[in-house]
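Presented below is the structure to which this report refers.
What follows is the structure, given as structure tokens:
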């Protein structure tokens, strides 16, 4: 398990051996498959082929379309990095794949599939690779990770652009553009809300609203890292409980809307970017709770342009909590 | 008087001696009170206990609720910094207190008080401490100060989040969400508009619309630094005159809406981050005038999400004018 | 031809000799004219007096008002830099002029001219100088250029501010504030759409909708650099074709709305910030295509505040593509 931009030495598993270049076509296919699966696993901040395979299985279980989108997006963004001559070690670790995976699934979630849409997806995936490299360069001095920021900004701009492009059609999954206004408590949270919300919170990292998919994602995390597994479930549950306590709408809680960002924040802060001690546990909990609030705030802020918050709350809060680390000596490098 | 992030040596008073840790409970209470008051004084870029006490008196004079909020917010953000092991010298200078003070007063200005609201305030204050540390780390290479940015971003997101949280209720003090449109000149500016606007402009730094509070703040500034006193009044007056000349609404001018951001910019640019020479006076005047325009622009930009500009104009303009300093040799370090 | 912030040695022409200070008033006038013209040429990333003269001629051909605005804005921002003691070499290269030129033309495009408006224009032009210096300082470590960002942010805030200022009146050229919504294909693209759109795409860099102006701009680019000429035309055409293929509205395509940002991106990426090899050609093409999409997305995002995207898409995409450069070894310094 390695952080996306390896700021510190990996803390549990040895670094995978770099696959040697080979004329053997079988070896090439295996190397390509390994790169794709590691890219998919990086969406949850892991570098583990088997985890990537389980994430992919979870997506295909829910939808063939999204499974195909993930493969295409990961391939397109990785090939762009190859074309431009990016460092092989980073490419093989999947660092140029995970934002392509997410942007592809997002565009097909919000836009009707058509040949033009598939081309648009590949263009967006190529764009995430350039943005990823830019953030790696800009953030190097602070050892800050790019996280899923390339996906978030590319997806927002490419979906927004459809308001000017008559040949692209929305699926109707976008929030309706409107002015934010106060809400009342809506629906009653039951035990099934909590259980479904907990696993949907994991599944929503890849835009999937499916409890079985969420369980497969949890198994994938467990395979890659016990810490990540515990943090993800605690983060998803924490976000859900904050939303419940604050009076968020029950259907949104059940769908996992308040869980996927805090789950990612908790994985990042507990074990990936900080060593898993008691202070880090409290810090990750604070981060997860703040992420749930920032999700609500960012969703309201994006309402006039009719856009969802995606994983922007995770990105903003994790950047902030990781950047603050050097001033807080009770937090240690992993 | 020291800038918030001490980029250059303090220029008038010697550095305060660090309070020694002591088993004496009386000394502990005094040290805590000193840290709180210095935190409150940092809102106006001062590091002076007596100024902090006068600011606190001004707030309590206007409202017990806001006085209590300031104390709670300053304490919560300072304790978060202590828990995470931040540097004692920075904590004692109040650098982890002033954003907590402002976010607490802002949340209680916009949200109905309730036990949940008070918990929400403490969470937000803890969040400002992490964001403060993050900005200190990110800005260190440029010697840029964080200013009140942690307050602004935390307050905007935490207030916006209420649009999703049915258990939090707005006080009705928020601007109505709408689309910006052209305005006509409204009301007639008289002598009383100017006098009230001048002091309300200082009082609005802490969300107070009260001339006596503004006078107490001015006295607090005078106690800490004559330069800051002159700059604050000139900045508040400058912002007011720009707004009047441009045809802003009289009630907004009288309430000090156009004064508090330019007042802070003027304090920052004249004496705190640049030595107070003739070029700096012109530079601070330019900065104050631009801040008044940016306040109008930022207020319009935030209209669709129904949010106020807070001290964002001061933060943006001061970052820009301080960052430009090294390229302008006529401006000197203080 | 030099990039705005000279990150690498100029690649074709020798650096111009710095004009010597002289008591001869004729020489002073010539030096001032040279600085103004070089400032105007920097809008298209060139450092060439004759190109600046041709750009100015193109603007005056279309409108005396805008020609006068360009001269005033360039002068006001350059004089601000002189007052603050900025480096003479940078001032003479026009680096403190081009954002003033653009902000002046933008404000007079969107606001009715009046004595107050002209004063407002000079204030905004002075503001761009400070923002330019700030970005030069902040970006120095990454060798990133400021591009037209000072113009974009200053113009947006100064135009938005009019919603609070009753003495400034809009010309009606601003987009109507509204919520973004899906569009249908509108109008039929013909050969004349393509030809007019191609040259209007260049003319729109200076807010001019005039084919002859666009042709004069193209000649100016050819005078300064054959690479820039080819890149600009290819970028304008590329943006136009993307917009056509995606189903953008025909009148917007004909007006050059989708061309000016990609034209600037292509100039920047092909020859100015990267050596003009085959990879850079593909990279610049990718950048131009992405810029056209980002233009559509940014336009939709700014709809609720009723603001145009200006050259923000060019700035964002070029920052990203230049910042990513060091990680892509197939791209070389010019």
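Residue numbers (the working numbering), protein chains in the order written: chain A, 8 to 341; chain B, 8 to 341; chain C, 8 to 341. All C-beta atoms in this analysis are idealised placements derived from N, C-alpha and C, irrespective of residue type, glycine included.
*Give me the Cβ distance between residue 46 of chain C and residue 101 of chain C, rounded to the nearest whole Å; I'm assuming they're in contact under 8 Å.*
3 Å
*Report the neighbours of residue 175 of chain A on chain C: residues whose CB is nearer than 8 Å to its CB, in chain order.*
253, 254
*Cβ distance (whole Å) where residue 342 of chain A is taken to contact residue 283 of chain A below 8 Å*: For residue 342 of chain A there is no data in the structure shown, the boundaries of chain A being 8 and 341.
_Bridge partners - residue 118 of chain C, DSSP secondary structure assignment_ = C:177
*Reference residue 274 of chain B; option with closest CA among B:262, B:118, B:298, B:68*: B:298
*Proximal chain B residues relative to residue 336 of chain A, where beta-carbon distance stays under 7 Å*: 92
_Residue-level contact to chain A via CB, residue 300 of chain C, 9 Å cutoff_ = yes
*Compute the minimum distance between the beta carbon of residue 228 of chain A and the heavy atoms of the ligand NAD, and state whether it is under 8 Å.*
Judged by which ligands are present, the structure shown has none, so any question about the ligand NAD falls away.
*For residue 333 of chain B, does the three-state DSSP call read helix, strand or coil?*
helix
*What in chain A is Cβ-close to residue 200 of chain C, meaning under 7 Å?*
None at all; the shortest Cβ gap to chain A is about 15 Å.
_Please list, in chain order, the residues of the segment 114 to 147 of chain B that have any C-beta partner in chain A closer than 7 Å._
130, 133, 134, 137, 138, 140, 141, 143, 144, 145
_residue 197 of chain C, buried or exposed, once every other Cβ within 10 Å from all chains shown has been counted against 16_ = exposed
*Is the Cβ of residue 105 of chain A closer than 9 Å to any Cβ of chain C?*
no
*Just the C-alpha distance for residue 280 of chain B and residue 341 of chain B, rounded to the nearest angstrom, thanks.*
6 Å
*With DSSP run on the structure shown, which of helix, strand or coil describes residue 190 of chain B?*
coil
*asked:* Mapping the DSSP letters down to three states, classify residue 99 of chain A as helix, strand or coil.
replied: Residue 99 of chain A: helix per DSSP, three-state reduction.
*Apart from the five residues on each side of it in sequence, which residues of its chain come closer than 7 Å, Cβ to Cβ, to residue 324 of chain A?*
272, 294, 297, 298, 301
_Contact list for residue 312 of chain C against chain B, beta-carbon separation under 8 Å_ = 186, 187, 307, 308, 310, 311
_So for residue 69 of chain A, helix, strand or coil by DSSP?_
helix
*Which whole-angstrom value describes the C-beta separation of residue 88 of chain B and residue 136 of chain B, a residue pair presumed to lie in contact below a C-beta threshold of 8 Å?*
5 Å
*Give the DSSP-derived three-state secondary structure of residue 221 of chain A in the structure shown.*
helix
*Rounded straight-line distance, which links the Cα of residue 163 of chain C to that of residue 250 of chain A*: Going from the Cα of residue 250 of chain A to the Cα of residue 163 of chain C covers about 36 Å.
*Spell out a yes or no on whether the segment 199 to 218 of chain C and the segment 139 to 150 of chain A are touching, meaning 3 or more CB-CB pairs, one atom from each, closer than 8 Å.*
no
_Contacting residues, own chain, Cβ-Cβ under 7 Å from residue 342 of chain C (five flanking each side not counted)_ = In this structure chain C extends from 8 to 341, so residue 342 of chain C is not present and cannot be described.
_Spatial distance of residue 241 of chain B from residue 270 of chain B (CA atoms)_ = 7 Å
*Hey, how far is the Cα of residue 133 of chain C from the Cα of residue 154 of chain A?*
38 Å
_Taking the alpha carbon of residue 177 of chain A as the reference point, which residue from A:213, A:113, A:193, A:191 has its own alpha carbon closest?_
With respect to the C-alpha of residue 177 of chain A, the residue from A:213, A:113, A:193, A:191 having the closest C-alpha is A:113.
*Pick from C:104, C:194, C:167 that is closest to residue 79 of chain C, judged by C-alpha positions*: C:104
*Looking at chain C, which residues of the segment 269 to 291 of chain B have a Cβ within less than 9 Å of any of its Cβ atoms?*
286, 289, 290
_Classify residue 312 of chain B: buried if its beta carbon has 16 or more other beta carbons within 10 angstroms, exposed otherwise._
buried
*asked:* So if I threshold CB-CB distances at 7 Å, which residues from the segment 30 to 60 of chain A count as touching chain C?
replied: none
_Can you list, in chain order, the residues of its chain with a C-beta nearer than 6 Å to that of residue 208 of chain A? Leave out the 5 residues immediately preceding and following it._
Closer than 6 Å at Cβ, skipping near neighbours: 243, 263, 266, 267, 270.
*Got a sec, what are the start and stop residues for the alpha helix (DSSP H) residue 289 of chain C sits in?*
285 to 308
*Are residue 73 of chain A and residue 224 of chain A touching if we call contact CB-CB under 9 Å?*
no
*Distance between residue 222 of chain C and residue 32 of chain A (C-alpha atoms, nearest Å)*: 53 Å
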